[in-house]
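Structure record follows, encoded as structure tokens.
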Amino acid sequence: MYGVRTSRHRLALAVTAALAVTTGTLTAVPAVAAPSSATTTAAVTGEQQDIAPFPVKAWVMSVGPTGFLSAQTGTQLTWRWTRFADGVETVLDRPYGYADQTDVLTRGENGVFKLYDMGTGGDPLEIDINPLGAGYTFAGFAGTRIVMKKPNTTGGTDIHVIGKPQGVPVDDTVTGLPADAVVTSVAVDSPENAVVLYSSTVDGVKRSRAAVVDIASHAVVEEYDTPEGALGGVALSATHIAWVEKPTDSTVKVAVTRRGTTETVRHDLGTTASVAIQLVGGWLTYKQVVNSFTDWSPLTALYARSLTTGETVKLLEHTVNAVPGPDGTQMARGGTFEHGEGLYRIAPGADGARPVVTLVASTGEPTTLEMLRHDVPATIDFDTVTTPVPLRWTLSRKSTKVRVELVHTATQKTWRVSPGHFAGGVVGFNWDGIYAKYWNKANDLNEDAVPAPNGDYTWRLTAEPLDGIGPALEQTGAFKVVRKAVPHDFNDNGTPDLLVRGSDGTLSLYNPSEPLGAWVTGDPEPLGTGWNAYDLLVSPGNVAGSPQADVVTRDNSGALWLHQGTGRALAPRVKIGGGWQIYNRLTGGSDLNDDSRPDLLATDKAGDLWLYKGTGNTSAPFAPRTKIGHGWGVYNQITATDNIAGGPAGDLVARDTAGVLWLYLGKGDGTFAPRTRIGGGWNAYEGLAGFGDVDRDGRADLLANDNGNAYYYKGTGDWRRPFEARENVYGWSGIDWDATVF
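Read in order, the letters of the sequence shown correspond to residues -33 to -1, 1 to 709 in mature numbering (1 follows the signal peptide of the UniProt record, and there is no 0).
Set out below in structure tokens:
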């Protein structure tokens, strides 16, 4: 196409300032409320073959017999002509004017108009109005003719039809208008007719009228009285003329008159908003006017009302804009649930039946809210990924209310979150692997947040379209969370847990809320009752072959019991030995012989230290004992800590009766190096427990409890100073003062 400079008349090329306003009979006028509950939906024809492409985020500007003009939003408007026959698109170099219901596109420069017939592709028709003189104002294109306004010598306005039928410009003045006509608008929606709204004075009385102009004869052929003041818009068909009336004190009404008569019926649309109208056969179509693609609403649906029965049907679920189409049709950019988004032809039904709706060009987008894709990893390995992990879902529309629910398959623990909204219809959140329980309850911040357990998950996304168009969306999917097993983890969520036996014999699990050990006091998870039956309790890690940590207990008769961890609870106990009443201390959790299995240590009443090597066998988790020391009767607490001091194997700390704490470095052969004094005053604590790596720095830590207050000592990896200064696990006493912590 040929580019031109801006015309001095500016023509219709300034359509960029009014894209939401359709031309011809569908000029921007007041919007419509949905009909009553008796409204029915018109069927869309199933014959949807040979559908051309329609650009996304684009308006339809005009439609002819062979194609259509569209304007697509973006950093700048992109104009295209698309052929129906083969979908071939021609991207235009700049905005073009158009003649409704034809294939004619137009350009103007300094009073010289070029009219391009996109159907034939021939040379443009050039019309130069400069020889006609000054004073002309552009009003519209009627096929290959130009409709102009020009002041006359009596103070009124004349309408001119300018063409070039024989290669010579011809300027015909429309006859039938009064000389003093004050023209308020000219609507040219076809090559055959235009509607001129004007006012004049007859016998001293001002009157307003709508004049139907026959373009070929350039004459007024019909006139109709209209209310005083501006009308919202006009529509013309072979049988009727209609206009929008919007009184300031009532709702919008559309006056419809059978042509050639004074039979006028006013249809109350029950709204005060702006509407656009058109006549299709014996039906009035109407819709609310919108100014952008984000203004979808059920009120923007395209409706049709029968001029004979008053029946109202819905044609499209929403409509961006509409223009007159060839042969008495209407062409609307909108959508239906069945066929999605695109350009629809609204054609008269046979013998006054409902209009026939046909999709003729598609954007490929759904009108229903749909999930286009999801970006949720199939497996999330929290030991290797950089947290937080982005979880994203791409929806077909932006204006949505979305909830996401994560459900752990094994436990059915559920986390609900309101995700954020991102560009391009993307919703989601960045997940650090924490189940923030308080997100499930509005304004309730007293529940704890815990690391999500390993295993299979289901995600469920529900999205409600805020524009009210279509049903809510629900989609599900699956993923897996994995981490390596860690010591002292009893619920398989990658962090060590605090086991507490209360004075009433109940066993509870306290969960760290954050990876770095910053805990909150939340409700513990119950693990059972009757634990007062045991006088010694040890959490030695995984001694029975499964990935999860286990518990070993001794009852008052000296029987030793294994409570195998399952990752969700403790399995029923299994007896693994008898005669253990000879021991006064038990501990476990350090790998002393470098076989990657935790071992058990016991001191007898004679002060000898015995090693029970772990086997990984459920029925016999420990090998026969080996004596590895004597003189341990000076200690009232021994605690296996795993490797806290940087040596080759697991270590042990022991507290003597004076409260001095001693470090025994494991050598990796099942024995220890000579002891090293690492502190005093440790008799302030009721008990000590090897707790694994609570702060995830790669070094084991130590837990201490003092009459219900819990503390942890972060491991340094340096045998000369194996622990940093203590830190509170809880800010207040959340544990029974006489509870057992292990």
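Heads up, the beta-carbon is just placed ideally off N, CA and C, and yes, glycines get one too.
Starting from residue i, follow its DSSP beta bridges and name the residues at the other end.
i, result
"tyrosine 679", "Leu670, Glu694"
"methionine 85", "Answer is none; methionine 85 lacks a bridge partner."
"valine 505", "Val519"
"glycine 598", "In the DSSP output, where bridge partners are listed per residue, glycine 598 has none listed."
"histidine 127", "Met115, Thr140"
"arginine 552", "Thr570"
"leucine 630", "Val620, Thr643"
"asparagine 288", "Arg300"
"tryptophan 48", "Leu36, Thr57"
"aspartate 348", "Val449"
"alanine 109", "Arg112"
"phenylalanine 709", "According to DSSP, phenylalanine 709 bridges with nothing at all."
"threonine 593", "Leu578"
"glutamine 255", "Val242"
"valine 71", "Asp84"
"tryptophan 26", "Ala38"
Cα separation between residue i and residue j?
i, j, result
"tryptophan 26", "arginine 312", "14 Å"
"alanine 452", "glutamine 515", "7 Å"
"alanine 625", "glycine 495", "36 Å"
"alanine 106", "glutamate 431", "45 Å"
"leucine 310", "threonine 330", "8 Å"
"residue 725", "serine 157", "The chain is shown from -33 up to 709; residue 725 falls before or after that span and cannot be answered."
"proline 591", "glycine 635", "18 Å"
"leucine 576", "tyrosine 631", "13 Å"
"leucine 99", "threonine 151", "24 Å"
"threonine 6", "serine 37", "Residue confidence is low: threonine 6 scores 38 on pLDDT, short of 50, so the model does not pin down where it sits. No coordinate-derived value is stated."
"asparagine 509", "arginine 666", "18 Å"
"aspartate 609", "arginine 364", "54 Å"
"threonine 585", "valine 518", "12 Å"
"tryptophan 382", "leucine 373", "5 Å"
"aspartate 664", "aspartate 350", "12 Å"
"proline 565", "proline 491", "26 Å"
"glycine 248", "glycine 295", "7 Å"
"alanine -3", "alanine 161", "Residue confidence for alanine -3 is low, a pLDDT of 26 falling below 50, so the modelled location carries little weight; the figure read from the coordinates is stated next. So the alpha carbons of these two residues sit roughly 24 Å apart."
"proline 194", "aspartate 235", "16 Å"
"lysine 542", "valine 505", "15 Å"
"valine 23", "aspartate 662", "51 Å"
"lysine 681", "alanine 612", "11 Å"
"asparagine 119", "aspartate 90", "35 Å"
Enumerate in chain order the residues of its own chain whose CB-to-CB distance from residue i is below 8 Å, with the five nearest sequence positions on each side excluded.
i, result
"glycine 437", "Glu284, Phe304, Thr334, Thr335, Leu336"
"threonine 33", "Arg50, Phe51, Ala52, Asp70, Met85, Gly86"
"valine 149", "Gly123, Thr124, Tyr165, Ser166, Ser167"
"proline 420", "His375, Ala377, Thr378, Lys380, Val448, Asn458, Asp459, Asn460, Gly534, Arg535"
"glutamine 15", "Confidence in glutamine 15 is poor, its pLDDT being 45 and thus under 50, which makes the residue's placement too unreliable to answer from."
"phenylalanine 389", "Arg359, Gly395"
"proline 315", "Val247, Gly248, Gly249, Trp250, Gly295, Thr296, Pro322, Val323"
"isoleucine 549", "Gly525, Asp571, Lys572"
Thinking C-alpha only, which one of the options is nearest residue i?
i, options, result
"leucine 460", "Val467, Ile401, Gly435", "Strictly speaking, residue 460 in this sequence is asparagine, with leucine absent from that position. When only C-alpha atoms are compared, the closest one is Ile401."
"leucine 466", "Gly107, Leu251, Leu537", "Leu537"
"aspartate 399", "Ile347, Gly532, Phe35", "Ile347"
"residue 711", "Lys24, Phe51, Ala667, Gln39", "Residue 711 lies beyond the stretch modelled for the chain, which goes from -33 to 709, so this question has no answer here."
"tryptophan 547", "Asp571, Val211, Arg233, Ser385", "Asp571"
"glycine 525", "Ala161, Ala500, Ala607", "Ala500"
"phenylalanine 690", "Asp464, Trp649, Lys116", "Trp649"
"isoleucine 126", "Asp181, Thr638, Asp90, Gly574", "Asp181"
"serine 273", "Trp263, Trp250, Arg359, Ser513", "Trp250"
"phenylalanine 639", "Gly596, Ser513, Asp662, Gly613", "Gly596"
"glutamine 297", "Tyr253, Gly392, Asn77", "Tyr253"
"phenylalanine 658", "Ala651, Gly614, Ser557, Gly598", "Ser557"
"alanine 320", "Gln531, Thr361, Glu278, Ala692", "Glu278"
Tell me which same chain residues have a C-beta within less than 6 Å of the C-beta of residue i, skipping the five on either side of it?
i, result
"valine 601", "Asp623"
"lysine 131", "Ile94"
"aspartate 561", "Ala616, Gly635"
"arginine 233", "Lys220, Ala222"
"glycine 227", "none"
"alanine 671", "Tyr652, Leu655, Tyr678"
Excluding sequence positions up to five away, which residues of its chain have a Cβ less than 7 Å from the Cβ of residue i?
i, result
"alanine 706", "Val467, Arg468, Gly469, Ser470, Gly675"
"threonine 224", "Tyr191, His207, Ile208, Glu230, Thr231"
Just to confirm the assignment: which complete beta strand (DSSP E) runs, minimum length 3, are found wholly within the segment 221 to 246? 231 to 235
Give the list of continuous alpha helix (DSSP H) stretches no shorter than 4 residues that lie fully inside the segment 159 to 206. none
What runs of the beta strand (DSSP E), each 3 residues or longer, lie entirely inside the segment 394 to 481? 401 to 403, 416 to 418, 422 to 432, 440 to 449, 465 to 468, 474 to 477
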